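In the order they appear, the protein sequences are chains A and B.
Residues 10 to 337 in this note's numbering are what the first sequence spells out, letter by letter.
Residues 202 to 1037 in this note's numbering are what the second sequence spells out, letter by letter.
All C-beta atoms in this analysis are idealised placements derived from N, C-alpha and C, irrespective of residue type, glycine included.
The structure presented is a predicted model; accordingly, all values stated were derived computationally and were not measured.
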Amino acid sequence: MSRPAPSPVYTLRGASGAFNALHFSCHEGDTPLLFSGSGKGVIHLWNLNNRRAERIIEGHSGSSVIWVNTLHSADTLISQGRDMRVCLWNLSQGRSELMDSLSTESVGFCQCSLLETGEKTCLLAFAGQQTEELKIIELSSKALLCSLIPDSKLGMVMCVKLWQPQSGRGPLLLAGYEDGSLLLWDITQRSILSKTKVHLEPVMCLTFDPESLRGISASSENKLFSWILDGQNNLLLRDCVTLTNPGVSQLSIRGDGKLLASAGWDHRVRVFGWKKLRPLAVLQYHRDMVLSVAFSDHKDPRQRLLAAGSKDQRISLWSIYNEVPDTG
Amino acid sequence: MESPTLPPDVRLEVSQCFQSLTLSAPKQDAIRALQVLRSYLDETPENVNASVQKAEFRRSHFTRVLQFLVKNIQADWFHGLTAAQRSELWDGLFLWGPPEQTLLVLMEGISELRPGSNLDHLVSITEKFVQSGRLAALLWSYCLTTTGPVDSPQLREALLARIVALPDITANKLQHNNKPAFLPQQYYPLLAKEMLTALDRTCRALKDGTSCSLTFVAQTLGKLCAQGHGGLLLAVMTPKMSACTRTDMVWQRVCWKLLENVPQRWMESVLVGLVQAVHGPGALGRIMGNLVLKNKTAQFVITHKLLLLQYKYETRTLRVVLDYLAADKDRRPLLIQVLRCLCQAWANPSAVKHTPLEQQLYVSKALLLAVGLLEDAELQELRSELLQCMLGGMQSHLDSNVLRIRHMGMVVGECLSSRMNINGTKLKFEYEQDEETRDLVSLLTPSKMSESEPECDDGVSPPEESRENPPVCNGSSQNEREMASSKKEPGSDLDSDDEFTPYDMSGDQELKKASPPRYLRDCLENLISSEDPECVELSLRVAEGLVRKNVFATKEISVQLSKVLLHMEDKYSINGFRGLRQAAMVALVVSDAIPVTEFLNTEFYSLNYSLCQRLDILEVLAVAAQELSKPNPGNANPIVTTDQSPSSAEDTATCRQVVEKRIQAKTKRISQGASQPPAKATANRYAPVAGYFFFPLLRNYDKPQVTFDLLGSDHLVLGRLIHTLGIFMHLAVNAPVAAQMGRALLDFVWVVRYHADQIVRRSVVFAVCSVFMSMPTSNLLVDLADQIFETRSWLADVAEDDVDADCRSLAMQSLVLLDKSLKKQLQSPQALSIES
């Protein structure tokens, strides 16, 4: 007998716009925070203790915020808006001032990808001005490391993921394109390591687990495709999960690599076991497309949360599969 | 008896022996006398005079001698004989004399003697007699026409009776001390073997040129079969006969002659036993020959009685009979004739209505088998008749209310049309295949098995076995493969996702573009006017919930919504349309019983409804009445809380709950009684409105309309109507109105109690049953005094005579119910009078 479908722990509302992006920052000692970027260009800082918006930052001149993240602990916030700008905000000691901003010159929806490579150095990958162009910069110096343009016509870059392989070589970049193909770039060599056509429709989102070298991507179809990187860095298709309703806007893997969540266009968040992609739960609460989904980075596994931001101007928070496995 | 030419010394000597064997005779004399008598039976060749004397002794004196011996069995000299002397002299007289006389005397002796050692001795002699093949000698002696024993019809009759009834006579006399050899299970097979021996001797004699008569053996066979021992007898005889006749022409002739000589009155039982015992049509043909052409009784039995009048035989027997008719060109015309009869019987509309279903199935099988045996030329010849049979018969079958009969009609129609090949077109019906229909279809193809089977008499046919085996092997190997794969799977990924138990995901449905209506009026609006399939479907899906949610809103538009739902058609082939519609209508009736039932009841008898709609009305009313009569669950409904709170404050509480739950799960409760609270009493919602459901339906039933004639052709609706009324009655138990309802219902069904359709009859019995169950027993006698006894006799009639098995058992049940309640009623007045 399966358990009844879960309901959200609580919901956050009050923003007048769809929630395009979510990011948790729940370090020990600090107040657990949830950052959200809305369709009206507003970034909210939600305090998860009192469940209220602590600060509201309006920085992208009314254009939709499509990506938020934090740098070096939670003091620096980085956000990307449809005004073709990426902004850095200083949040320390209750401030919320614009530190820096740079222009991506891209009109697309592609969310940036951030990779912290050292104490103070970060790499940021984002779509460039040209259709297929990808740019990678060193964030502090804003120095352009490389600009990657594939030889063939693949359409716009839809999503990117920057990651550092454990083998010690230079960072690699996964990118999904408009024609449904996935490319694995070697940044240092500026070459394509592998290319495979996964979807029939544009790749809407992808996520990758560097530990198991497995990733998953989704498009506007009703299928999720998971793929794997073999020893020679070749992308190989592995599983396919069919969804009841088509369209996924975001995928997210929990920090411990056990759960995968998908933000569905059918107003539902689906939770899968990440190892075998076994469907575990369908979270029904929202009344419009779910645009973003994120797992919290709580140190204590029992406090972990799953947040889903939807077009219906709400964020729902869920607590599922937080049980610590019995040791006795 | 004795003729004057005989030398007198035989008689003298016999009477001298008798004198020396009297009760008080000395032992030496007795032995000498016995030796003299015994010497008459010796077969050693001697002079002519002696053999004449012996023949004289056998013919005239033997019976008397035996009778005398039996009478003097308690003589002193008898008990003084040594065992060897007794078996040589005394027993020898019985075992070596003419067997027919011995048998008669033995049987007479056994039935006259009182139990004791003398009787035991006689019984043991009879046992020896039976076991030492004397019966074969007896039968054989009657086969010899020239040198046979003295013959007279009376003697034969007596002899036959003794042979056939030997187990009965011994069992009656000896009761528990009966010998195993005399038990029917041993005696009749033995007798069968003796008869085969006699037949075998006859064959050999015929080959030697001696003429024989099989009349006595045939009579024995006939009498045995007629007395119901055919199964045991023929199970032994037919395999041997079938094997012998395959190679030996004389054996064939003997078998034919044997069957021809069976007296007319016993012919049927012999043939019936034979066709059931025989392995295949080939063997039957060899044993019977063309008996069906020569013997009228045989012809009637084979072509008529086995096929059209009786229906208890297996399909194998049917196949044997029809294949037998088809196998020989002389018998072929009979097959055609049989086919014509079968066609008529199958297509007869009255037979479809009035014969038991099993018989119809039997006739259908026979028809298909016969058609399968036809050759193309014959088929051409019979085409018009077959076509007529098919069309007429199918119509009457499809008109029937019984599903199995309709299926039968469809299958037979399909098979006939495919066999006749009318311009390459075939009939094709949609029906669910089950074992019965598949059986029927398979009959059309003449089976190879029946041809191969008679060749091997062990009953095991190797081709069949080899055909059976591979799939079994496949199945097991498949299983093994599956098991192997399932074993492999978990091994590949041990630390799987199994640590997480999935939540209920049944809510994960396809997303609908339109949203379901929130208010009942919107729902009604959509159902009336919307052209959007999705919208209609959603409205229909939520209709039941909306109706139940807001009873006040429902009451405003209940009749209107009922009307819309009643007229609604499944235009968009919505999944589960009928169920949804019915559920919504039931909810309407439950929420607003009086106006909606009034509406539905008037609509039931009004113009321009399809039968389907009328049946729907009945069904809705019945389901609604059922729901109303159940205790209302709405009052005592604990609010289900989902405990999903993650806050750590409650952690200890949830822990305790978990522990408690586990303890609960592990605990075995021996007595469940106290753990559940007693059911709360709630008011019966059906009782006050039962009359509104019930009485309007009794009106107007006899007013035929253009489209609806309840007492005429629409008997399906009539059956459902009565059944529904029965349900109303049954649910109205303990309601004050039940007594009136019961009386009205009995009045109503009285008119149709002998309806031609079994569905109607069945529901009538059901309704009567529910009257007896629901009416207060006190009212039963008082109110229905005049009707109840008529009903009782009618029920007894149905229980005995009805064609339909269900009707019979239902009638039995209601008789029992009636008797029970009557008995209760007749006992209780005394109790009442004492109290008052």
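Contact belief for residue i with residue j at Cβ below 8 Å, rounded distance in angstroms
i: Ala939 of chain B; j: Ala933 of chain B; result: 5 Å
i: Ala825 of chain B; j: Val790 of chain B; result: 4 Å
i: Leu543 of chain B; j: Val522 of chain B; result: Not quite, the Cβ-Cβ distance comes to about 12 Å (not below 8 Å), so this is no contact.
i: Pro703 of chain B; j: Val743 of chain B; result: With 8 Å as the limit, Pro703 of chain B and Val743 of chain B do not qualify as a contact, their Cβ atoms being about 28 Å apart.
i: Leu391 of chain B; j: Val331 of chain B; result: 7 Å
i: Arg60 of chain A; j: Leu21 of chain A; result: 7 Å
i: Asp529 of chain B; j: Gly594 of chain B; result: That pair is no contact at about 29 Å.
Other residues of its chain near residue i: CB distance less than 8 Å, five sequence neighbours each side excluded
i: Ala685 of chain B; result: The predicted model places Ala685 of chain B with a pLDDT of 43, which falls under 50 and marks its position as unreliable; any figure quoted below should be read in that light. Nothing meets the Cβ criterion.
i: His555 of chain B; result: Ala957 and Val1004
i: Glu114 of chain A; result: Met93, Gly137 and Gln138
Any C-beta of chain A under 8 Å from that of residue i
i: Gln710 of chain B; result: yes
i: Ser1022 of chain B; result: no
i: Pro718 of chain B; result: no
i: Pro703 of chain B; result: yes
i: Asp706 of chain B; result: It should be pointed out that residue 706 of chain B corresponds to Met in this sequence rather than to Asp. Yes, Met706 of chain B counts as interfacial toward chain A.
i: Thr842 of chain B; result: Here Thr842 of chain B scores only 38 on pLDDT, less than 50, and its place in the model should not be relied on; the value that follows carries that caveat. No, Thr842 of chain B does not count as interfacial toward chain A.
Residues near residue i in its chain [Cβ-Cβ closer than 7 Å; skip 5 each side]
i: Ser73 of chain A; result: Asn29, Gly48, Gly50, Gly90 and Arg91
i: Phe967 of chain B; result: His924, Gly927 and Leu1011
i: Ala784 of chain B; result: Glu745
i: Gln988 of chain B; result: Leu947
Host alpha helix (DSSP H) of residue i (start-end)
i: Ser216 of chain B; result: Asp210 to Ser221
i: Tyr525 of chain B; result: Thr516 to Ala528
i: Phe417 of chain B; result: Thr416 to Leu425
i: Gly610 of chain B; result: Leu604 to Met621
i: Ser731 of chain B; result: Run containing Ser731 of chain B: none; DSSP gives neither H nor E here.
i: Ile66 of chain A; result: Unbroken run through Ile66 of chain A is the beta strand (DSSP E), Arg61 to Glu67; no alpha helix (DSSP H).
i: Trp547 of chain B; result: Arg533 to Ala548
i: His916 of chain B; result: His916 to Leu932
i: Met165 of chain A; result: Unbroken run through Met165 of chain A: none, as it is neither H nor E.
i: Lys284 of chain A; result: That residue, Lys284 of chain A, is in no alpha helix (DSSP H); it is neither H nor E in DSSP.
i: Thr283 of chain B; result: Premise fails: Thr283 of chain B is in no alpha helix (DSSP H) and is neither H nor E.
Close Cβ partners of residue i (< 6 Å) along its chain, the five nearest in sequence each way excluded
i: Leu1038 of chain B; result: The question about residue 1038 of chain B has no answer, for chain B in this structure spans 202 to 1037.
i: Ser325 of chain B; result: none
i: Leu741 of chain B; result: Leu781
Beta carbon proximity, residue i to chain B, threshold 8 Å
i: Thr253 of chain A; result: yes
i: Tyr186 of chain A; result: no
i: Ser11 of chain A; result: yes
i: Pro41 of chain A; result: no
i: Ala290 of chain A; result: yes
i: Pro15 of chain A; result: yes
i: Ile324 of chain A; result: no
i: Gly337 of chain A; result: Below a pLDDT of 50, predicted positions are generally treated as unreliable, and Gly337 of chain A, at 42, falls in that range; the measurement from the model is reported next regardless. It does not: the Cβ of Gly337 of chain A has no partner Cβ on chain B nearer than 8 Å.
Residue i: first and last residue of the uninterrupted beta strand (DSSP E) it sits in
i: Gln89 of chain A; result: Thr85 to Gly90
i: Leu268 of chain A; result: Leu268 to Gly273
i: Gly318 of chain A; result: Leu315 to Ser319
i: Pro440 of chain B; result: That residue, Pro440 of chain B, is in no beta strand (DSSP E); its alpha helix (DSSP H) goes Gly431 to Thr448.
i: Glu125 of chain A; result: Ser122 to Glu125
i: Met213 of chain A; result: Val212 to Asp218
i: Gly1064 of chain B; result: Chain B is shown only over 202 to 1037; residue 1064 of chain B falls outside these bounds and no answer can be derived.
i: Thr20 of chain A; result: Tyr19 to Arg22
Against chain B: residues of the region 294-307 of chain A by CB proximity under 7 Å: none
Pull out every residue of the region 274-288 of chain A whose Cβ sits closer than 9 Å to any Cβ of chain B, in chain order. Trp274, Asp275, His276, Arg277, Arg279, Val280, Phe281, Gly282, Trp283, Lys284, Lys285, Leu286, Arg287 and Pro288
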